[in-house]
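Asker: This is the structure, below, for whatever I ask next.
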Amino acid sequence: MIYRDVISAVIRALASETINSAGGCDYTPKIQASKLKGEIVGKEAAFLTDCWVFGRLHSCLEPKHWMALNACYSTHMASKVGAIGRIVSHVSSPAPRLFLTKAVTAWAYPQLGGAERAPAEKVTLEVDEDAPAWRKAAVAKSQKAINAKLKQRQEAPCEGVIILPAHNYDMNTWDVDGTPERTRRDWRRKIFKGLDTLVNQALLEAGEILTKEGVFFDEQDVA
């Protein structure tokens, strides 16, 4: 498997973790064992190479660069969410922790046009006006539980893809201190810029690693 550039190599390598049903890019046994004779070729060979690149980058990249690539490009939900949580400590910002965490999450899951979730429906349970207090309390508790479940279901990942509700991109929910809008925008801009810088540094480092391994396609080799 030869890659045209470092981004395609990184994206395919990180995607291999999702494709691998074992969930950890353990590329050695399964396909190898299925071949009694001959060379592994085609899609199987490409997948093995993707997994090998995954392991190589994981072991050679600086931890913060590995986390940045996972937060930005990974399609493996647990790895992406874990990387988002860990990369926060590598971002320098005067913003409060809540704002910083929300900003990193919004950067990792950029808002997509036409992908906004519909608001969660709410259920209202009726109870007679003259019902005893204990019944009214029980109905209210049930209603709260049902609506919480509906909200959880509405915000749950769909087929492995997370689409954040619109309020996650509203900076008013990132800050509880009443910070001026101009300051919050400046915080967000600098946080995003810092994360982009980490990703660019990671891609540069990954490119150097993989160039030494000779996995990039050279157009000069094509007749």
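Residue numbers for the sequence shown follow the working numbering, so the first one is 3 and each next one is one higher. For glycine and all other residues, C-beta sits at the position ideal for the given N, C-alpha and C. Please read these numbers as outputs of a predicted model, since none were measured by experiment.
1) In chain order, what residues of the same chain have a beta carbon less than 6 angstroms from the beta carbon of residue 128, not counting five sequence neighbours either side?
2) Need the endpoints of the alpha helix (DSSP H) that residue 107 sits in, please.
3) Considering only the alpha carbon of each residue, which of 109, 50, 139 and 150 lies closest to residue 82?
4) Starting from residue 203, follow the alpha helix (DSSP H) in both directions and report where the run begins and ends.
5) Can you look up residue 218 in the DSSP assignment and give me helix, strand or coil?
6) For residue 75 versus residue 12, is the C-beta distance shorter than 7 angstroms?
7) Which first and last residues belong to the alpha helix (DSSP H) in which residue 78 is found?
8) Compute the distance between the beta-carbons of residue 105 and residue 190, then report whether it is under 7 angstroms.
9) Buried or exposed: residue 14, going by 16 or more other Cβ atoms within 10 Å of its Cβ?
10) Report the partner residues of residue 5 according to the DSSP bridge assignment.
11) With a threshold of 16 other CB atoms inside 10 Å of the CB of residue 136, please say whether the residue is buried or exposed.
12) Helix, strand or coil: how does DSSP classify residue 26 here?
13) Can you tell me the Cα-Cα spacing of residue 171 and residue 165, whole angstroms?
14) Go ahead and label residue 99 buried or exposed: buried means 16 or more other beta carbons lie within 10 angstroms of its beta carbon, across all protein chains shown.
Answerer: Well, looking at it:
1) none
2) Residues 99 to 110.
3) 109
4) 183 to 215
5) strand
6) yes
7) Per DSSP, residue 78 lies in no alpha helix (DSSP H) segment and is marked neither H nor E.
8) yes
9) Residue burial is scored here from C-beta neighbours: residue 14 has at least 16 other C-beta atoms within 10 angstroms and is therefore classed as buried.
10) 218
11) exposed
12) Confidence at residue 26 is low in this model, with a pLDDT of 47, below 50, so its placement is unreliable and no value can be given for it.
13) Here the alpha carbons of residue 165 and residue 171 stand approximately 11 angstroms from one another.
14) Burial state of residue 99 is exposed, judged by a 10 Å Cβ sphere holding fewer than 16 other Cβ atoms.
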